[in-house]
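Protein chains in written order, with our numbering: chain A, 323 to 670; chain B, 971 to 1465; chain C, 14 to 340. Ideal Cβ placement from N, Cα and C applies to all residues, glycine included. Quantities reported herein were computed from a predicted structural model and do not represent experimental measurements.
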Amino acid sequence: MAVARDVRSVTGVDAETLRSMYRHMLRARLLDERCWVLNRQGRAPFWISGMGHEAIQVGAAMHLRSGVDWVAPYYRDLALTLVLGMTPKDHLLSALGRADDPNAGARQMPAHFGCRRLNIVSTGSSVATQLLHGAGVALASKMRGEDAVTLTSVGEGATSEGDFHEALNFAATRRLPVVFLVENNGYAISVPADKQMATPDVADRAAGYGIPGVVVDGGDPVQCHLRCGQAVARARRGEGPTLIEAKVVRLTSHSSDDDQRRYRTAESLEEERQRDCVLLFAQRLDDLGVLSAVDAKVMRAELQTEIDQATLEAEQAPEPDPESALDHVVHDGAGELDLTGFAAAPER
Amino acid sequence: MAVTVTMPQLGESVTEGTIARWLKQPGEPVARYESIVEVASDKVNAEIPAPTDGTFGEVIAPEGAVVTVGQPICTIEQGAEGASDGQAAGGGTARSEAEVEVRSEAVPAPEALPREVGPAAQAARSEAARPTVSAEPPTSPAPPAAPIEVPGRIAASVQADDGGEAAIVPRAGPEPAGEAASDGRMHVTPAVRMLAREHDVDLTQIRGSGIGGRVTKKDVLEYVQQRDAAGRRGERPGAQAAPAAPPGAPAAAPALAPAADLQEGDRLLPMTNVRRAIADHMVRSRHTSPHAWLMVEVDMSRVVRVREARKNEFKATYGVSLTYLPFVARAVLGSLRRFPTLNAQWSEEGIVLKRDIHLGIAVALEENLVVPVLRNADRLSLSGLAQAMADLGERARANRLKLDEIQGGTFTVNNTGALGTVLTQAIINQPQAAILTMDAVIKRPVVVDDMIGIRPIMNLGLSFDHRLNDGLQAARFVQDVRTQLEELDEAASLL
Amino acid sequence: MPVRTYVDAIREAMREEMRRDRRVMVFGEDVGAKGGVFGVTEGLQKEFGEWRVMDAPLAESCIVGVSVGAALNGMRPIAEIQFQDFILPAVDQIISEAAKMRYRSAGDWNVPMVIRAPFGGGVHGALYHSQSLEAMFCHVPGLKVVVPSTPHDAKGLLVAAIRDPDPVLYFEHKKAYRSIRGEVPEGDYTVPLGTARLAREGEDIALFTYGLMVHTALEAAQRLERDGFSVEVVDLRCLRPLDRGAIVRSARRCGKVLVAQEANLAVSVASEVSAIVAEECFEYLDAPVMRIGGPEVPAMPFARPLEDFYLVGTDKLEAKLRQLARY
Chain A
323 MAVARDVRSV TGVDAETLRS MYRHMLRARL LDERCWVLNR QGRAPFWISG
373 MGHEAIQVGA AMHLRSGVDW VAPYYRDLAL TLVLGMTPKD HLLSALGRAD
423 DPNAGARQMP AHFGCRRLNI VSTGSSVATQ LLHGAGVALA SKMRGEDAVT
473 LTSVGEGATS EGDFHEALNF AATRRLPVVF LVENNGYAIS VPADKQMATP
523 DVADRAAGYG IPGVVVDGGD PVQCHLRCGQ AVARARRGEG PTLIEAKVVR
573 LTSHSSDDDQ RRYRTAESLE EERQRDCVLL FAQRLDDLGV LSAVDAKVMR
623 AELQTEIDQA TLEAEQAPEP DPESALDHVV HDGAGELDLT GFAAAPER
Chain B
971 MAVTVTMPQL GESVTEGTIA RWLKQPGEPV ARYESIVEVA SDKVNAEIPA
1021 PTDGTFGEVI APEGAVVTVG QPICTIEQGA EGASDGQAAG GGTARSEAEV
1071 EVRSEAVPAP EALPREVGPA AQAARSEAAR PTVSAEPPTS PAPPAAPIEV
1121 PGRIAASVQA DDGGEAAIVP RAGPEPAGEA ASDGRMHVTP AVRMLAREHD
1171 VDLTQIRGSG IGGRVTKKDV LEYVQQRDAA GRRGERPGAQ AAPAAPPGAP
1221 AAAPALAPAA DLQEGDRLLP MTNVRRAIAD HMVRSRHTSP HAWLMVEVDM
1271 SRVVRVREAR KNEFKATYGV SLTYLPFVAR AVLGSLRRFP TLNAQWSEEG
1321 IVLKRDIHLG IAVALEENLV VPVLRNADRL SLSGLAQAMA DLGERARANR
1371 LKLDEIQGGT FTVNNTGALG TVLTQAIINQ PQAAILTMDA VIKRPVVVDD
1421 MIGIRPIMNL GLSFDHRLND GLQAARFVQD VRTQLEELDE AASLL
Chain C
14 MPVRTYVDAI REAMREEMRR DRRVMVFGED VGAKGGVFGV TEGLQKEFGE
64 WRVMDAPLAE SCIVGVSVGA ALNGMRPIAE IQFQDFILPA VDQIISEAAK
114 MRYRSAGDWN VPMVIRAPFG GGVHGALYHS QSLEAMFCHV PGLKVVVPST
164 PHDAKGLLVA AIRDPDPVLY FEHKKAYRSI RGEVPEGDYT VPLGTARLAR
214 EGEDIALFTY GLMVHTALEA AQRLERDGFS VEVVDLRCLR PLDRGAIVRS
264 ARRCGKVLVA QEANLAVSVA SEVSAIVAEE CFEYLDAPVM RIGGPEVPAM
314 PFARPLEDFY LVGTDKLEAK LRQLARY
């Protein structure tokens, strides 16, 4: 098709993939919006979102093999988890605190993702700890000679934590198959990036660890897809970690407990709204002839219906039994413990 | 049907919000999720979306009103009007709206605790904790008729700690019991209270060995034991306390020993704890068990041959010498299985046949007599016995035995022959049924097939408690031991 | 039965488990080429290679955090913290992450890892090489904490810890490494977590303790035995979960209770054991429940007289026991 050939030569990616990217981004966006609404209605006590981060997360996640590669994400990675196979209903169950929430059985606040089936490591609320987990996961893959890659992500604020340094340092020393993704939206709650660090680019730090650092426009899913693909390929080839810093915008306040209008000017907020990656990408796809505005509207309606249905089901789902609060502290002894070593010997 | 919309919680720890501006007027159509009002709170200003489709009903909280989280702010009339995007498929709708209605009204503020401990529950708990029995102490202690003395050791320790007077407290005449605290009341701990209740004891009758003359748990237990023993002696002269008496509690010596009669030139070896302990035990054993004794001669030819043939290899392999003791021990263990009344204890209810065989091996030390116990000895092979007994003996001499190695024995073997004797009558190690002595193996002339032969002969002596076993059982047992030794399979492995 | 030192027993446990199960790995500072600053992992890297016995950077949070990650991805790491005093930078990874992983994922994830660290003093290690910080971890549901006192238990508990599907903190007393010897059975055996050990039977005083103090307790008990006091010594072995049954049994049997530890006394394991006794054995008590432990100073100082002042030795323990016996 003529359009397809043009698109590929212009973007490096075929039309189908572009449409798929947009669909992922839009789906995440609509779900995110719904969760905000539920919070404002008083039904979801808390929400923290990734609006504005969709492009980088989709660009990265599309290179990962769900259930084979690994992810140690952070709380804004809603789009990332959806690409890997979590569903809107999964997240709505979490937001509404329902028993069947696959992330945590409603034991954690929303956006504390986790799903063993999809190799999404459970995250807590201490930021940056997951970077070390990501390094450890990658270490195990390498020891077993697997080609699995681990992606672990943080906001720029968390790069001030000691665990960021320790994780990159260790992963670099041992050339682990891990991609460190920093989603830099310029604010750690209310603290702007220039109060967080003296260097404008987090990626500058990579050289200090002896690994490549890449800055990418986090609003451009095609660029994100390209750069993340390179980093993942590097890791898979055994060349070690990469630090990717994606510059993104935080379209919402830090969380439902925060109101960024109190510490950011209306102008700057408006300026960022103009850089909304979902809107911009829709426009671009229309310009490229990959997805017309009409088709985009149809897509949106379908996705909205999916979200509505998921909301309904989640609302009807039961809350956890109070006494279940006592479960899962330690292994309860049920089932046989696997005492056997596994077959494949560590290669190194 | 009217749905009431309530003030949501905008941010953790937020308890109220202010209505900033109504975005809808009564009668206006409303779509689900459409914003209907602007609300301001300490943390966040936000627009509140409608929970359902319908028509805006009435304003309950006007602009400027400060509303607590969960309180109503307006109503929405749900009508058949307009299936909007927000409607879900068919049958689910009515239910979801009913759910919505419930939810809007009943969203609990996250701060509220679901279960609170109310005053009533707390009162109930403190009721239950009230002690059920309170021992009313006397205001002044009355001198008792026949106070029980505290056994010597404990009082001695008390004195030693207080002022270095290490003399054993003799059983002197009557002294006032239950020395009271300065305020005239006796201090009674829960354990003492419980025991006094259980055993129907008047605490004022007991002299306390604790601080300030406190009656301790031990004091009560001693008192009870002596009281019961005294009672039984009064009723049945021959009977003794059951073996199940509190372990470790020393039995009172039935009669006072005479004071030392020192004349010129005589020398006093001061009483030691060890000597006294041995003395007490021996006296008690004789008083408890009617001792009878018998012996057999054992032809140890085979045993001697086996030992001679194997002893060097044994020593090289295991590092311990192979003596006659393990051979005899193994034979004894086999016989005890066949004659369980020798591995037994006497009780008022009957003879307790002990399931396990814990074999005591008497070890004579310079200053002491120790009987280390080999637990479950019948599980060991001959070489296992040899090693274990050598180990016990060595540790006994080095005073490194563990607690479960000096108590709990069910039968004792005494290798008096190591000291050179040919015939010994041992005293039973209470609360066992018997004790076997093995004397020296000595070559003697014996009659074999009507001719004189020289054989290594060892005498086995059995002192037994005639309450449990008569001569018949005792003799059979000893014969059985002898048979095993005399018919030892010389080719059998020692393992 | 073979006799081993405490340190050999620990090494044996790791070596045998690593042979049996290829998922088991050791990660810590100096564990590889040097074999550990106390020689605990000597020879292991030679046998298992530098990946399974890996020298870590000087970063405790990294040691534990990476081990958590490896455990999530199918390994069974033994993280070694060089001195328990230096475990503090790793506390976030231990308490926020390892302890809560199973609970926060409603059982979807678990962390089968062991964190080993030498603790305790009496070796002139001063403030930062002698502490006993185990109480901090005993406070946290989701963790298990064990402290062996004999080579037998050192091996058995470590094997059990390695096989446990949840995080276990394993604290080894550094003074015990080469000074405590004992019998260690051949072949495969474990000591189940959550069980105490009756080290000495008695009936007048129940003395609960753990770690090196168990040996001090046995010495003190022997001194009292000569004067007719019978002390029951219970080696707690597992500090979380505590063997409540054993505690209650011995406390009720004896009626007088002393809880002894090397660690600072305030808000400690001894405090918890005392509370259990007070709650469940009140009617059987013949004296107040007593504790003895480290004094109200941050840690034991370097100079010998200062260190001795801090430590609960046999004399102090004996005096306390006699005080209780006299009550």
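- Bounds of the alpha helix (DSSP H) holding K1281 (chain B) are S1271 to Y1288.
- The Cβ atoms of G134 (chain C) and L324 (chain C) lie closer than 8 Å to each other.
- The residues G133, V160, S162, H186 and E275, in chain order, have a CB closer than 7 Å to that of G224 (chain C) in the same chain once the five nearest residues on each side in sequence are set aside.
- Sequence-distant Cβ neighbours of I629 (chain A) in its own chain, meaning closer than 7 Å and more than five residues away, are L352, L353, R356 and P410.
- Of all residues in the segment 78-97 of chain C, only G78, V79, S80, V81, G82, A83, L85, N86, G87 and M88 come within less than 7 Å of chain A when Cβ atoms are compared, listed by chain position.
- If the five residues before and after A489 (chain A) are omitted, its C-beta is found closer than 8 Å to the C-beta atoms of A450, L453, L454, G456, A457, T474 and F502, all from its own chain and listed in chain order.
- Its chain contains R439, L440 and N441 as the residues whose beta carbon lies nearer than 7 Å to that of G389 (chain A), once the 5 sequence neighbours on both sides are disregarded; these appear in chain order.
- Counting along the chain, L156 (chain C) sits inside no beta strand (DSSP E), nor does DSSP assign it H or E at all.
- Take L591 (chain A), set aside five residues on each side of it, and the residues of its chain with a beta-carbon closer than 8 Å to its own are Q582 and R583, in chain order.
- Inter-residue distance for A1299 (chain B) and M1252 (chain B) is about 24 Å (C-alpha atoms, whole angstroms).
- Boundaries of the alpha helix (DSSP H) harbouring K329 (chain C): T327 to R339, taken from the DSSP string.
- Against chain C, the CB of T495 (chain A) has a partner CB under 8 Å away; the residue lies at that interface.
- Beta-carbon to beta-carbon, A426 (chain A) and R335 (chain C) are separated by about 54 Å, too far to satisfy the 8 Å threshold.
- Residue contact with chain A for C75 (chain C): present (Cβ-Cβ distance below 8 Å to some residue of chain A).
- Within its own chain, the residues whose Cβ lies closer than 6 Å to the Cβ of C251 (chain C), once the five positions on either side in sequence are excluded, are V159, L206 and G207, listed in chain order.
- Counting along the chain, the unbroken beta strand (DSSP E) around Q1315 (chain B) starts and ends at A1314 to S1317.
- For P318 (chain C), the enclosing alpha helix (DSSP H) stretches over residues R317 to Y323.
- Taking 8 Å as the CB threshold, D121 (chain C) lines the interface with chain A.
- Residues of chain B with a Cβ closer than 9 Å to the Cβ of D523 (chain A) do not exist, since the nearest Cβ in that chain sits about 32 Å away.
- Boundaries of the beta strand (DSSP E) around E1017 (chain B): N1015 to P1019.
- Below the 9 Å Cβ cutoff, chain A contributes G364 as neighbours of T976 (chain B), in chain order.
- The closest CA to that of D643 (chain A), considering only A:V380, A:S371, A:P367 and A:R429, is found on A:R429.
- Per DSSP, P1426 (chain B) is one residue of the beta strand (DSSP E) stretching across M1421 to D1435.
- With at least 16 other beta carbons inside 10 angstroms of its own, N1439 (chain B) counts as buried.
- Per the coordinates, the alpha-carbon of Q1175 (chain B) lies some 28 Å from the alpha-carbon of E238 (chain C).
- For K1188 (chain B), the nearest beta carbon of chain C is closer than 8 Å to its own beta carbon.
- Chain-order list of chain A residues neighbouring E1008 (chain B): empty, with the shortest C-beta distance near 11 Å, by a criterion of under 7 Å.
- L1339 (chain B) is bridged by DSSP to B:A1334.
- The alpha-carbon separation between M977 (chain B) and H653 (chain A) amounts to approximately 42 Å.
- Those residues of the segment 300-324 of chain C placed with their C-beta closer than 7 Å to a C-beta in chain B are A300, ordered along the chain.
- Taking C-alpha positions only, V538 (chain A) is separated from A525 (chain A) by approximately 10 Å.
- The alpha-carbon of L1464 (chain B) is positioned some 32 Å away from that of E1336 (chain B).
- Around the Cβ of N1399 (chain B), a 10 Å sphere holds 16 or more other Cβ atoms; the residue is buried.
- Annotation for D166 (chain C): V204, R210, D248 and R250 place their beta carbon closer than 8 Å to its own, counting only its chain and skipping 5 residues before and after.
- Shown here, W64 (chain C) sits in a helix according to DSSP, grouped into three states.
- At a cut-off of 8 Å between beta-carbon atoms, E1017 (chain B) makes contact with chain A.
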